[in-house]
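**Q**
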Amino acid sequence: MAVPLSRALVAEGLGTFALVFFGPGAAVVQAQTGALGHLGVAAVFGLTVTAVIAALAPISGAHINPAATFALTLAGKFPRARVLPYVAAQLLGAVLAAFVLLALFGLKGGLGVTVPAGSVAQAFVLELVLTFFLLLVALRSGLPWVVGGVVALGAAMGGPITGASMNPARSFGPALASGLWTAHWLYWAAPLLGAVLAVAANHVLSPTEPVEPRPHLAQEFQPEGEPT
Numbered sequence: 032m033a034v035p036l037s038r039a040l041v042a043e044g045l046g047t048f049a050l051v052f053f054g055p056g057a058a059v060v061q062a063q064t065g066a067l068g069h070l071g072v073a074a075v076f077g078l079t080v081t082a083v084i085a086a087l088a089p090i091s092g093a094h095i096n097p098a099a100t101f102a103l104t105l106a107g108k109f110p111r112a113r114v115l116p117y118v119a120a121q122l123l124g125a126v127l128a129a130f131v132l133l134a135l136f137g138l139k140g141g142l143g144v145t146v147p148a149g150s151v152a153q154a155f156v157l158e159l160v161l162t163f164f165l166l167l168v169a170l171r172s173g174l175p176w177v178v179g180g181v182v183a184l185g186a187a188m189g190g191p192i193t194g195a196s197m198n199p200a201r202s203f204g205p206a207l208a209s210g211l212w213t214a215h216w217l218y219w220a221a222p223l224l225g226a227v228l229a230v231a232a233n234h235v236l237s238p239t240e241p242v243e244p245r246p247h248l249a250q251e252f253q254p255e256g257e258p259t
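If you're matching positions, the sequence shown starts at 32 in my numbering and goes up one per residue.
1) Near T79, which residues of its chain fall below 7 Å by C-beta distance, leaving aside the five closest residues on each side in sequence?
2) For A266, collect the residues of the same chain with a Cβ closer than 7 Å to its Cβ; drop the 5 residues on either side in sequence, then sort them by chain order.
3) At what residues does the alpha helix (DSSP H) containing P35 begin and finish?
4) How many Å lie between L138 and S209 at the Cα?
5) Closer than 7 Å by C-beta to V83: which residues in its own chain qualify, once you throw out the five before and the five after it? Chain order, please.
6) With DSSP collapsed to three states, give me the class of L138.
7) Would the stretch 166 to 173 and the stretch 116 to 129 be scored as touching if the rule is three or more Cβ pairs under 8 Å?
8) V261: which of S91, V126, L132 and A128 sits nearest, CA to CA?
9) Residues in the same chain with beta-carbon distance under 7 Å from P258, minus the five sequence neighbours each way, listed in chain order, please.
10) Residues in its own chain within less than 8 Å of V151 by CB, not counting five upstream and five downstream?
11) What runs of the alpha helix (DSSP H), each 4 residues or longer, lie entirely inside the stretch 98 to 136?
12) If you run the structure through DSSP and keep just helix, strand and coil, what is L174?
13) With DSSP as the reference, label G149 as helix, strand or coil.
14) Rounded to the nearest angstrom, how far is the Cβ of A206 from that of W212, given a contact under 8 Å?
15) Count the other C-beta atoms from every protein chain shown that fall within 10 angstroms of the C-beta of G63, then say buried if there are 16 or more, exposed otherwise.
16) Secondary structure at I192, three-state DSSP: helix, strand or coil?
17) For A106, which residues in the same chain have their Cβ closer than 8 Å to its Cβ, ignoring the five residues on either side in sequence?
18) N233 by DSSP, collapsed to three states: which one?
19) Compute the distance between the beta-carbons of A128 and G204, then report whether it is under 7 Å.
20) Terminal residues of the continuous alpha helix (DSSP H) containing T81?
21) Taking the continuous alpha helix (DSSP H) assigned at L211, which residues delimit it?
22) Are the CB atoms of L159 and G225 within a distance shorter than 7 Å?
23) Compare the Cα-Cα distances from A33 to each of A74, L174 and P89 and report the closest residue.
24) Classify Q153 as buried or exposed, calling it buried when 16 or more other Cβ atoms lie within 10 Å of its own Cβ.
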């Protein structure tokens, strides 16, 4: 039986809330205390994504990212009628989490807002590449720890340069709460373009002949009742 849209939207909102609360929240704590370190912040992002996928993928697919929803739609694995509601739930969850962080910490660390540390062109290409590999892995592997590991990897490598967003909702929430919109457009354009390229690469890599199913692999982005 298909999961009702209302339940899926609650799961998407909660999952994206968790991502922004713990991820940018870790950056805020690092700015205030220096206790986590850069790699610690990256690890928090990865662990959060791992936990959210493991807990919520059976309900909504645990996209928690408009770029992921876009990629799945392009790949024909997600119904178009649910795209806008999913994105709205993701943005709402991100905004609520960012305002909770604002209430707790003020503008410490800019609420983990994503802004380029170098040129806009450099940031665009880096966000594009990071999102490409994140979504390619997500499309080809359903293991929560694998996807979470790629998020941590991207945050460790790209965080000092772009904030390693790879997710328009993750960037939108802190930007709205902090009022810092520097080059915000690229945190939408680069991930969405990365999604297009990831879907194209996945299509090229997919076998032309059917392969035997591997039921031991959990399928990320595959809510209950959705066709595989």
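Just so it is clear, CB atoms sit at the ideal spot from N, CA and C, and this is done for glycine as well.
Remember, predicted model here, so these are calculated numbers, not experimental data.
**A** Concretely, from the data shown:
1) A49, L50, F53 and G54
2) In the structure displayed, the chain extends from 32 to 259; residue 266 sits before or after that span and is not available.
3) Counting along the chain, P35 falls outside any alpha helix (DSSP H), and DSSP gives it neither H nor E.
4) 7 Å
5) Shown here for V83: same chain residues with a beta carbon closer than 7 Å to its own, the five before and five after excluded, namely G46, A49, L50, A93 and I95 in chain order.
6) coil
7) No contact exists between the stretch 166 to 173 and the stretch 116 to 129.
8) Not covered by the structure: residue 261. The range shown for the chain is 32 to 259.
9) For P258, the pLDDT reaches just 45, beneath the cut-off of 50, and the residue's location in the model is therefore unreliable, leaving the point undetermined.
10) Correct list, in chain order: A214 and L217.
11) Counting only runs of 4 or more, we get 114 to 136.
12) DSSP places L174 outside both helix and strand once states are collapsed to three, so it counts as coil.
13) coil
14) 5 Å
15) First, the amino acid is wrong: residue 63 is Gln here, not Gly. Label assigned to Q63: exposed.
16) helix
17) L170, V230, N233 and H234
18) helix
19) yes
20) G68 to S91
21) Premise fails: L211 is in no alpha helix (DSSP H) and is neither H nor E.
22) When the beta-carbon positions are compared, G225 and L159 come within less than 7 Å of each other.
23) P89
24) exposed
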